[in-house]
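**Student:** Quick one: the structure is below, questions incoming.
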Amino acid sequence: MSLRPPRAILFDLDGTLADTAPDLAAAANFLRQEHGMDPAPYETLRPVASAGARGLIGAALDIHPGDERYEALKARFLDRYEANMTAHSKLFDSVPELLAQLEARGIAWGIVTNKASRFTDKLTPQIGLGHAGCTVSGDTTPHPKPHPAPLLEAAKRLQLAPEDCWYVGDDLRDIQAGRAAGMPTVAAAWGYCGHSAPASWEADALAHEPLQLLQLLA
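The sequence shown maps to residues 1 to 218 in the UniProt record's numbering.
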């Protein structure tokens, strides 16, 4: 599908720009260890990494929001993750080249993530994303994705109309948020993607690796 060339591309963080699943999974398995359990297979935890504490605690311990144990486990998970969140996290292959190409073409780029600023502000400069045109975290606006507020805030910070921005993400809620904000959307099939097929999300385009975005620009 052809898309109108954007003036900016906004990206989700976990599973789209950065492969953070190893450190998130390690925090989840730390909880299992504290409960006398063997580590869960990485292949079980990786698909839910974009869902953060909710997804990882659910996959690792089958404990979910609403359970009386959940909030204490969430706090423990987040503290453990914060202490080790750059141990193995890194940008996906070819993301640095993609961002350099966008900058060379005069296309701005930014980050819109549901990750709290407590983590985003520390993580992004350490993995090579400190020069983003804007960074909107999960607690920047009153509502996280799939609400459109974070994406609209990012467009505002870039001084662009929403329709002049693409939004790229590896979770259904990213596509829902982009659609609600009036932005063309691209499903990042190289990411974590939960347990659903990106082709079923009804995004405006599907990319199987980061540099394919450059082809979509053409």
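Built from N, CA and C at the ideal position, the CB exists for glycine as well.
Keep in mind it's a predicted model, so treat the numbers as computed, not measured.
(1) Mapping the DSSP letters down to three states, classify G169 as helix, strand or coil.
(2) Given that a residue counts as buried once 16 or more other Cβ atoms are within 10 Å of its Cβ, and exposed if not, what is Q176?
(3) Could you tell me whether the stretch 78-94 touches the stretch 19-28, using the rule of 3 or more Cβ pairs below 8 Å?
(4) For the putative contact between P162 and W190, defined by C-beta atoms under 8 Å, what is the C-beta separation to the nearest angstrom?
(5) At the 8 Å Cβ level, is G106 part of the contact set with chain E, yes or no?
(6) Can you check which of these residues, D174, D170 and A203, is closest to P146 by C-alpha distance?
(7) Which full runs of the alpha helix (DSSP H) of 4+ residues lie inside the stretch 44-112, going along the chain?
(8) Roughly how many angstroms lie between the CA atoms of P39 and H64, to the nearest whole one?
(9) So, using beta-carbon positions, are D204 and V186 closer together than 8 Å?
(10) Where does residue 222 sit, in a helix, a strand or coil, going by DSSP?
(11) Using 10 angstroms around the beta-carbon of M183, count the other beta-carbons present and answer buried if the total reaches 16, otherwise exposed.
(12) So, are the CB atoms of A28 and F77 less than 8 Å apart?
(13) Please go through the same chain and pick out, in chain order, the residues whose beta-carbon is closer than 8 Å to the beta-carbon of A18, but skip the five residues on each side of it.
(14) Pick from K156, A53, R118 and L102: whose alpha carbon is nearest that of H131?
(15) Give the straight-line distance between the Cα atoms of A108 and T44, rounded to the nearest whole angstrom.
(16) Whole-angstrom Cβ separation of L13 and T140, contact assumed at under 8 Å?
(17) Can you tell me whether DSSP reads residue 224 as helix, strand or coil?
**Tutor:** So, to answer that:
(1) Working through the sequence shown from its first residue, we reach residue 169 at position 169. Correct three-state label for G169: strand.
(2) The residue labelled residue 176 in the question sits at position 176 within the sequence shown. So Q176 ends up on the buried side.
(3) yes
(4) Numbered from its first residue, the sequence shown carries residue 162 at position 162. Numbered from its first residue, the sequence shown carries residue 190 at position 190. With 8 Å as the limit, P162 and W190 do not qualify as a contact, their Cβ atoms being about 25 Å apart.
(5) This model lacks chain E altogether; it includes just one protein chain.
(6) Looking up residue 146 in the sequence shown gives position 146. Of the candidates D174, D170 and A203, the one whose C-alpha sits nearest the C-alpha of P146 is D174.
(7) 52-61, 70-84 and 95-104
(8) As a working mapping, residue 39 is identified with position 39 in the sequence shown. As a working mapping, residue 64 is identified with position 64 in the sequence shown. Looking at the two C-alpha atoms, the distance is approximately 19 Å.
(9) As a position in the sequence shown, residue 204 is number 204, starting the count at 1. As a position in the sequence shown, residue 186 is number 186, starting the count at 1. Their beta carbons are under 8 Å apart, which means D204 touches V186 by this criterion.
(10) Residue 222 falls outside the range modelled here, since the chain spans only 1 to 218, and no answer is possible.
(11) Along the sequence shown, one-based indexing puts residue 183 at 183. Classification for M183: buried.
(12) Position 28 of the sequence shown, counted from the start, is the residue given in the question as residue 28. Position 77 of the sequence shown, counted from the start, is the residue given in the question as residue 77. Yes, Cβ-Cβ distance for A28 and F77 is below 8 Å.
(13) Taking the sequence shown and counting its residues from 1, one reaches residue 18 at position 18. Closer than 8 Å at Cβ, skipping near neighbours: S89, K90, L91, F92, V95, L123, I127 and L129.
(14) In the sequence shown, counting from the first residue as 1, residue 131 sits at position 131. Looking at the Cα atoms, L102 is the closest of the given residues.
(15) Translated into positions along the sequence shown, residue 108 becomes position 108. Translated into positions along the sequence shown, residue 44 becomes position 44. One C-alpha to the other measures close to 35 Å.
(16) Walking along the sequence shown from the start, residue 13 turns up at place 13. Walking along the sequence shown from the start, residue 140 turns up at place 140. Their Cβ separation, rounded to whole angstroms, is 13 Å, which puts L13 and T140 out of contact at 8 Å.
(17) Nothing in the structure corresponds to residue 224, since the chain is present only between 1 and 218.
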